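Chains as they are written, first to last, in our numbering: chain A, 49 to 338; chain B, 71 to 283.
Even for Gly, the Cβ is constructed at its ideal location relative to N, Cα and C.
In this text, all values refer to a predicted model and were calculated from it rather than measured experimentally.
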Amino acid sequence: MKFNTAPRALALIAASLGICLSAAHAADSRKEARIDIAPGGTVNIVNGDGSVALHSGTGRQLLVTYIAHSAKIEVDQNASANKQRVELITHALPGEKPTADEAKVDYEVTVPAGVSVNVSTASAPITAEGISSDIGLSSETGQITVHNVAKSHVYVRSVTAPVNLQDVTMSFVDVQSTGGAIQLKNVNGQRVAAGTTSGNIDYQGDCSGGGNYILTTHSGAIDVTLPATASVDLTARSATGSVENAFPLQQKPHTSFVPQQGRSFAGTSNSGSSSVELQSFSGKIRVKKQ
Amino acid sequence: MNCQRFQETLPYIIESGGGGEDESHLQECESCAALVRDLRYIAEQAKLLLPMHDPNPRVWNNIEQSLQREGLLEGRMSPPGHTQKNSTSQKQAKSWTPLGWMIAAAALIIFAVVLINYKPANVQPATLSARNSATDSIQFSSEDQQLISQLSQQSPDAQHAYEASLRDVNAYIADAEQAAKSDPSDASAQALLQDAYEQKEMVYQMATARSLP
């Protein structure tokens, strides 16, 4: 009896592929949930590794999709009786010790307007896009990115995670990181504060809105790039680092400190509507024109 | 209390631990704190030399036999500093050897020389500040060490991240404290100090949150 080997080989390959796909599917379990949340409610997400992506939604429900990368980890969903608070907590199953890869959970969360979000991760990067409510994001080492947010309170904490905020307008912004770099592009509002211990701070924008802009670091560098239209009352001071100004500022008739060449300067541009304070201990401060 | 007065009470401090005024000066002055740490270390090391014993009598016997074989020794030999008659039967005594005495004496001499030669340096704030940064960058408080130890049991990656952060934050606090002390009326220095403590508080909050069961 003679067998045709080509179809058999193809069948074998197809079967192997099927088994592999099934195994992969079994390891990565994907789940979706629609969770009722009251207007003005809060969602708290705790995740170690993996990722968390937040988007704005139009409905009244929280849309949660997550992929757990192993069966050693699970996500607890809890909601308070009045639907004001929803929690999504990632944790290892009792007795399990998942590896870093096995512990990963990737979240995609669509957040209704007016619902506040708090996310806390270890190494998982966090991305928030277009959220129209208050945001509190905290990560040890995972990059934190916030884009297109308006009229919100944005509160960010990191240990060494880099932080990137872009197009965050008319908001209260408070970003603190010990070792991570902070990038702020087109970020404005009534109060914009960024502080690091050793991370660099980079601000590009017009500091508009008549707000207070406070950038502070110990040993990191502070770079501020302003357009000629920026209306600022600016002071820059460094205890032992250097300060450089390449932005046209009018000298102030009176300052609360005596400016020291190379260590501090102060001045205004246009009507000086926003207050900008740049301060470092040993980090270099540079202000330049866009 | 200034550095001069503190220096005068150094022997008492090393011996008894010092009083409240000494302690407060130690907390304020990194130079004196570093000196006291060094002196205490020397004193501790000197104590370790005290329970030095004689080598086993067999060692002396072997040396003696070797010397006799080589024709370098004719009579009986006894261990230095001992009037030993029968080295094999004598039990090992808990007494000081001349070598022990010499090492202990050397440690005491070093201790005395450090004390005599120590002069509080009149350094510029910036220099002092830089020195503090360097010193504090490698030091952790007991709370810091406890926190790092807890984190090491959970995740080595997290441990490294927090360790680096704490080192940086401690250096920040030391620099800011020095700046604020140099000029207490400097609002900018006070603001930096507050910011430094807030940074440390943040690190602790995040580490504690992760450590909770």
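Beta-carbon gap between residue i and residue j smaller than 8 Å
| i | j | result |
| --- | --- | --- |
| A116(A) | V153(A) | yes |
| I83(A) | Q125(A) | yes |
| R239(A) | N260(A) | yes |
| G184(A) | G88(A) | no |
| G237(A) | V221(A) | yes |
| S235(B) | V167(A) | no |
| G105(A) | T158(A) | yes |
| V134(A) | L110(A) | yes |
| S180(A) | S164(A) | no |
| F295(A) | K332(A) | no |
| S246(A) | H266(A) | yes |
| A103(B) | L109(B) | no |
| V204(A) | I192(A) | yes |
| Q338(A) | L274(A) | yes |
| M71(B) | E100(B) | no |
| P160(A) | G107(A) | yes |
| Q271(A) | R311(A) | For the record, residue 271(A) in the displayed sequence is Asp; it is not Gln. No, Cβ-Cβ distance for D271(A) and R311(A) is not below 8 Å. |
| Q327(A) | S94(B) | no |
| D182(A) | H195(A) | no |
| V91(A) | I174(A) | no |
Residues that DSSP places opposite residue i in a beta bridge
| i | result |
| --- | --- |
| H103(A) | T158(A), E177(A) |
| Q339(A) | This structure gives no information on residue 339(A), because the portion of chain A shown stretches from 49 to 338. |
| A231(B) | Partner(s): none; A231(B) has no beta bridge. |
| L274(A) | K337(A) |
| I115(A) | R78(A), D154(A) |
| L110(A) | I83(A) |
| A34(A) | An answer regarding residue 34(A) cannot be provided, because it is not within the stretch 49 to 338 covered by chain A. |
| G98(A) | V153(A) |
| V202(A) | I183(A), V221(A) |
| Q248(B) | Answer is none; Q248(B) lacks a bridge partner. |
| Q299(A) | G315(A) |
Continuous beta strand (DSSP E) stretch holding residue i: start and end
| i | result |
| --- | --- |
| G243(A) | 239-244 |
| E91(B) | Note, E91(B): premise wrong, no beta strand (DSSP E); alpha helix (DSSP H) at 90-98. |
| L221(B) | No beta strand (DSSP E) holds L221(B); the alpha helix (DSSP H) holding it covers 212-224. |
| E78(B) | Not the beta strand (DSSP E): E78(B) falls in the alpha helix (DSSP H), residues 73-78. |
| N92(A) | 90-95 |
| V194(A) | 192-198 |
| Q309(A) | That residue, Q309(A), is in no beta strand (DSSP E); it is neither H nor E in DSSP. |
| N260(A) | 260-265 |
| N126(A) | 121-127 |
| L326(A) | 322-328 |
| L136(A) | 133-140 |
| N166(A) | 164-169 |
| D222(A) | 220-225 |
| V207(A) | Unbroken run through V207(A): none, as it is neither H nor E. |
| A172(A) | No beta strand (DSSP E) contains A172(A), which DSSP labels as neither H nor E. |
| A304(A) | Looking at the sequence itself, residue 304(A) is Ser, so the reference to Ala does not match. From DSSP, S304(A) is part of no beta strand (DSSP E); its letter is neither H nor E. |
| A269(A) | First-last for A269(A): undefined, no H or E at that position. |
| S186(A) | 183-187 |
| E292(A) | 291-294 |
Any non-hydrogen atom of the ligand PLP closer than 7 Å to residue i Cβ
| i | result |
| --- | --- |
| V221(A) | Although the ligand PLP was asked about, the structure shown includes no ligands whatsoever. |
Cβ separation of residue i and residue j, assumed to be a contact under 8 Å, to the nearest whole Å
| i | j | result |
| --- | --- | --- |
| D254(A) | T277(A) | 6 Å |
| A170(A) | R280(B) | 7 Å |
| A269(A) | F329(A) | That belief does not hold up - the Cβ atoms of A269(A) and F329(A) are roughly 12 Å apart, past 8 Å. |
| H139(A) | E156(A) | Contact doesn't hold; Cβ gap of about 19 Å is too wide. |
| V112(A) | A86(A) | The Cβ separation is near 16 Å, so there is no contact. |
| A277(B) | V239(B) | Wrong, their Cβ atoms sit about 11 Å apart, outside the cutoff. |
| Y232(B) | V273(B) | 7 Å |
| G96(A) | A172(A) | 7 Å |
| M218(A) | G243(A) | 21 Å between Cβ atoms; not a contact. |
| L217(B) | A228(B) | Going by Cβ atoms, the distance from L217(B) to A228(B) rounds to 11 Å, so no, they are not a contact pair. |
| A209(A) | S225(A) | 7 Å |
Alpha helix (DSSP H) segment containing residue i, residue limits
| i | result |
| --- | --- |
| D256(B) | D256(B) -> no alpha helix (DSSP H), and no H or E assigned at all. |
*Are at least three pairs of beta-carbons, each pair with one atom in the stretch 311-324 of chain A and one in the stretch 263-282 of chain A, less than 8 Å apart?*
yes
*asked:* I'd like to know if the stretch 134-147 of chain A and the stretch 178-188 of chain A are in contact, where contact means that at least 3 CB-CB pairs between them fall below 8 Å.
replied: no
*Are at least three pairs of beta-carbons, each pair with one atom in the stretch 295-308 of chain A and one in the stretch 227-239 of chain A, less than 8 Å apart?*
no
*Do the stretch 259-279 of chain B and the stretch 239-251 of chain B make contact, defined as three or more Cβ pairs closer than 8 Å?*
yes
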